[in-house]
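Encoded as structure tokens, the structure appears first; notes follow it.
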Amino acid sequence: MVAKMPSSRWISASLLVLLLSLHPAVHAFYLPGTFMHTYSPGEAIWAKVNSLTSIETELPFSYYSLPYCKPPEGVKKSAENLGEILMGDQIDNSPYRFRVNVNESVYLCTTDQLTKDQAELLKKRARNLYQVNMVLDNLPVMRFTEQNGVTIQWTGFPVGYNPTGSNEDYIINHLKFRVLVHQYQAQGDVVVTGEDGVAMVESDRKSGFQIVGFEVVPCSVRRDPEAMSKLKMYDKVDSVNCPLELEKSQAIHENDRITFTYEVEYVKSNIKWPSRWDAYLKMDGAKVHWFSIMNSMMVVFFLAGIVFVIFLRTVRRDLTRYEEMDKEAQAQMNEELSGWKLVVGDVFREPCCSKLLCVMVADGIQITGMAVVTIVFAALGFLSPASRGMLLTGMIILYLFLGIIAGYVGVRVWRTIKGTSEGWKSVAWLTSCFFPGIVFIILTVLNSILWGKKSTGALPISLFFTLLALWFCISVPLTLIGGLLGTRAASIDYPVRTNQIPREIPEHKFPSWLLVLGAGTLPFGTLFIELFFILSSIWLGRFYYVFGFLFIVLFLLVIVCGEVSLVLTYMHLCVEDWKWWWKAFFASGSVAFYVFLYSINYLVFDLRSLSGPVSATLYLGYSLIMALAIMLSTGAIGFLLSFYFVHYLFSSVKID
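Quick note: the sequence shown, position 203, residue 202 per numbering that gives the first Met the number 0, numbers continuous.
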């Protein structure tokens with residue numbers, strides 16, 4: 000649903016904008032990821048069709064897997080970017096012809112007699128609520144339904160339907176299109192980017208009509224197949240109203256022939272071309288988004304108050320008293336140490352599985368960087384929803400190139416823990432393999448399921464090799480370069496020495512992991528409302544384009560994760576628990592546990608239409624990838640801030 004434009008081509012667009020800005024007589028504007036078409040009256044436009052989708056199965060299938068009319072020149076697939084393929088999109092041409100500003104009702108085709116398999120497949124797709132996704136001038140078709148006096152907007156139209164109280168299934172075979180057009184007057188030069196993402200300048204654009212809306216009313220109409228089959232494609236037929244009587248609708252039966260027709264009505268609109276996506280991106284529930292942000296702000300201020308007390312009333316007071324004493328008093332105080340001061344000789348002792356910790360922190364920083372840059376670009380409008388797949392493509396490219404930062408962070412943390420650069424290559428290599436390897440394993444399992452179902456969501460073998468090539472040729476080398484830079488960066492020295500014999504940790508009334516797991520509820524509290532909208536966008540086919548809200552929520556989430564991890568680290572040090580490394584990571588990273596539980600809750604209560612173990616497996620697999628990414632990201636943020644806090648705390652006091 001986002002733009003098909005390689006990042007390297009933004010350079011050409013920027014240069015063209017710069018050149019036009021130097022020309023004083025030119026009035027120019029730039030619309031990223033889009034191409035404004037102006038059509039002459041009577042000019043033919045051909046609609047395209049995407050994969051059939053269903054919120055009940057989440058398994059996309061090709062449009063022509065059903066016995067629909069095919070274009071006279073044959074089925075041709077449109078070029079797809081990496082994101083579109085990963086999302087299961089398969090965009091084909093269609094026989095639906097639209098002549099600009101010409102109202103008409105035309106015949107399309109009459110199928111051969113339906114075989115038993117074709118009839119059963121049509122019934123199955125209709126009962127599973129499959130939708131036909133049609134696109135005209137890059138606008139998805141939209142339909143409106145009335146439910147309990149409320150108008151609901153949908154994209155796409157159903158394959159068929161099964162009326163309540165009827166044993167018959169009916170196919171949608173007549174479409175009443177309503178195309179909104181805006182009359183455009185040419186004004187100067189325009190910088191645009193075409194469907195292939197190439198920037199271009201259009202001088203003296205012709206006046207004409209621009210498509211600013213695409214709506215449909217789907218109908219099921221029984222026609223005489225013998226009489227209709229004598230017509231040729233695009234011959235005129237009489238306009239019809241959608242019949243309310245079932246006996247006048249087209250039922251799906253074996254050996255039946257189905258006639259497909261459609262009619263087009265053009266309506267002039269005051270909507271301008273740059274605003275034509277507003278109807279799709281109309282933000283519902285703005286108050287809920289603001290409530291989410293206010294809720295997050297309350298959590299931030301609450302934790303900030305605790306941090307304020309720790310720093311100013313406890314830590315700072317102790318340090319001030321210590322600094323004001325003379326040497327004899329300091330020596331006496333050292334003998335009477337309590338709380339966090341007692342673990343001074345163990346606080347920087349190497350944690351268990353230190354290499355894994357470095358790898359997870361590095362991957363977390365890489366994921367965080369990818370998320371921040373993507374959301375910023377989307378919030379600024381650079382990732383247009385008019386070009387499907389660009390959001391996912393951009394995220395993958397960013398992740399690959401941010402490997403250099405991951406390698407640097409992972410090796411830098413490794414050097415700090417070990418005190419030497421020895422073994423940095425294995426750290427950098429594991430950093431480049433850890434998260435992508437887990438994702439690759441999960442996707443392979445899910446893909447084998449999709450292959451078995453012959454879904455268009457299944458990734459072709461060629462794409463697997465493409466992803467492996469991108470990973471091996473870009474991500475791995477950049478991660479190793481980042482690791483090399485990490486070995487040459489200034490070392491971070493510990494402010495205190497580590498004792499040879501580890502100090503015994505006192506027994507606690509409650510296990511420390513319980514406190515760490517409970518800490519994840521606070522970051523989750525800042526995230527769960529926005530998480531609902533994101534899950535609805537992914538699984539219910541809704542557009543999500545409130546990236547401004549998402550950026551604010553992400554900013555607050557980073558703050559809360561840092562505060563939670565810092566407070567938990569201080570609490571563990573105060574009870575003489577010097578094994579804080581992993582606890583600092585999971586104090587904020589445990590939010591992923593609640594995200595996964597919420598995903599299960601969403602599956603049970605909000606995706607009740609989702610049917611079958613295959614659909615549930617796909618959902619849980621993708622949710623697991625999301626939870627893992629959130630754990631690494633939030634855990635890395637909490638760990639690095641906790642490390643800075645501990646380093647600052649013990650560097651401010653001199654204890655022998």
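C-beta atoms are modelled at their ideal positions from N, C-alpha and C, and glycine is treated no differently.
Could you check whether residue j and residue i sit closer than 8 angstroms to each other, using their CB atoms as the reference points?
i, j, result
"R620", "V444", "The residue you asked about is not Arg; residue 620 is Gly in the sequence shown. Cβ distance < 8 angstroms, so G620 and V444 count as in contact."
"N49", "K75", "no"
"E167", "V99", "no"
"G482", "V426", "yes"
"A46", "L135", "yes"
"G363", "A635", "yes"
"S39", "G155", "no"
"L302", "V559", "yes"
"G406", "A370", "no"
"V645", "T520", "no"
"L631", "F434", "yes"
"L391", "G82", "yes"
"Q89", "S53", "no"
"I251", "T110", "no"
"Q130", "L51", "yes"
"L658", "P157", "The chain is shown only over 0 to 655; residue 658 falls outside these bounds and no answer can be derived."
"L399", "I480", "no"
"G368", "R275", "no"
"I374", "L513", "no"
How big is the Cα-Cα spacing for residue i and residue j?
i, j, result
"N269", "G159", "34 angstroms"
"E214", "M293", "37 angstroms"
"Y601", "L442", "21 angstroms"
"Y647", "T56", "53 angstroms"
"A24", "M35", "Legend: pLDDT at A24 = 35, less than 50; position of this residue unreliable, value from coordinates given subsequently. Their backbone Cα atoms lie some 21 angstroms apart in a straight line."
"I533", "A518", "23 angstroms"
"T633", "E246", "59 angstroms"
"S238", "I44", "21 angstroms"
"M232", "R221", "18 angstroms"
"I717", "G524", "Since the first residue of the chain shown is 0 and the last is 655, residue 717 is not available in this structure."
"F176", "I599", "39 angstroms"
"L477", "P71", "49 angstroms"
"F604", "V515", "28 angstroms"
"L121", "F585", "49 angstroms"
"P59", "N446", "13 angstroms"
"K424", "M141", "53 angstroms"
"I667", "F463", "The requested residue 667 does not occur in the structure, where the chain is confined to residues 0 to 655."
"V180", "P273", "13 angstroms"
"A507", "I396", "First, the residue type needs correcting, since residue 507 is His and not Ala in the sequence shown. Rounded to whole angstroms, H507 to I396 spans 47 angstroms at the Cα level."
"S11", "F381", "Residue placement at S11 cannot be trusted, given a pLDDT of 37 that sits under 50; the coordinates are not used to answer."
"V178", "T163", "31 angstroms"
"S461", "A125", "32 angstroms"
Note down, in chain order, each residue of its chain lying with its Cβ closer than 8 angstroms to the Cβ of residue i, except the 5 sequence neighbours on either side.
i, result
"I151", "F143, T144 and E145"
"G547", "A378"
"W579", "V346, T568, H571, L572, S641 and V645"
"R502", "L341, V342, G344, D345, E575 and W577"
"K115", "E253"
Give me, in chain order, the residues of the same chain whose beta-carbon lies closer than 6 angstroms to that of residue i; leave out the 5 immediate sequence neighbours on both sides.
i, result
"A628", "I366"
"I416", "E349 and S353"
"M332", "Summary for M332: the model assigns pLDDT 46, below 50, so the residue's position carries little reliability, and this model does not support an answer."
"A591", "A626, I629 and M630"
"V236", "S104, Y106 and T260"
"E562", "L302 and V306"
"L85", "L391"
Who are the Cβ neighbours of residue i in its own chain at under 7 angstroms, not counting the five residues just before and after it?
i, result
"T430", "V358, A361, D362, A405, G406, G409 and T478"
"S622", "F595 and S598"
"F471", "none"
"R96", "A43, W45 and Y233"
"F649", "V343, V346, P494 and V495"
"V263", "F97, N102, E103, F176 and V178"
Rounded to the nearest angstrom, how far is the Cβ of residue i from that of residue j, given a contact under 8 angstroms?
i, j, result
"Q249", "N172", "5 angstroms"
"F638", "S564", "7 angstroms"
"R414", "T497", "R414 to T497, Cβ: 16 angstroms. No contact."
"G87", "G611", "17 angstroms between Cβ atoms; not a contact."
"Q209", "K267", "Actually they are not in contact, since the Cβ atoms of Q209 and K267 sit about 11 angstroms apart, beyond 8 angstroms."
Is there a Cβ from chain C that is less than 8 angstroms from the Cβ of residue i?
i, result
"Y63", "Structure shown: chain C not included; a single protein chain is present."
**Request:** Entirely within the segment 211 to 242 and at least 4 residues each: give me those alpha helix (DSSP H) ranges in chain order.
**Result:** 224 to 227
**Request:** Can you check the segment 489 to 523 for any alpha helix (DSSP H) of at least 4 residues that lies completely inside it and give the ranges in chain order?
**Result:** 511 to 518
**Message:** If we require 4 or more residues per run, which alpha helix (DSSP H) segments fall completely within the segment 86 to 157?
**Reply:** As far as the segment 86 to 157 is concerned, its whole alpha helix (DSSP H) runs of at least 4 residues are 115 to 126.
**Item:** Inside the segment 445 to 491 only - alpha helix (DSSP H) runs reaching at least 4 residues
**Value:** Positions of the alpha helix (DSSP H) runs, each at least 4 residues long and wholly inside the segment 445 to 491, are given as 460 to 469 and 475 to 487 in order along the chain.
**Message:** Suppose only complete runs of 4+ residues qualify. What are the alpha helix (DSSP H) ranges in the segment 584 to 654, listed by chain order?
**Reply:** The DSSP assignment places 590 to 604 and 611 to 650 as complete runs of the alpha helix (DSSP H) inside the segment 584 to 654, in order along the chain (cut-off: 4 residues).
**Asked** Unbroken beta strand (DSSP E) runs of length 3 or more, entirely within the segment 33 to 73: which are they?
**Response** 43 to 48
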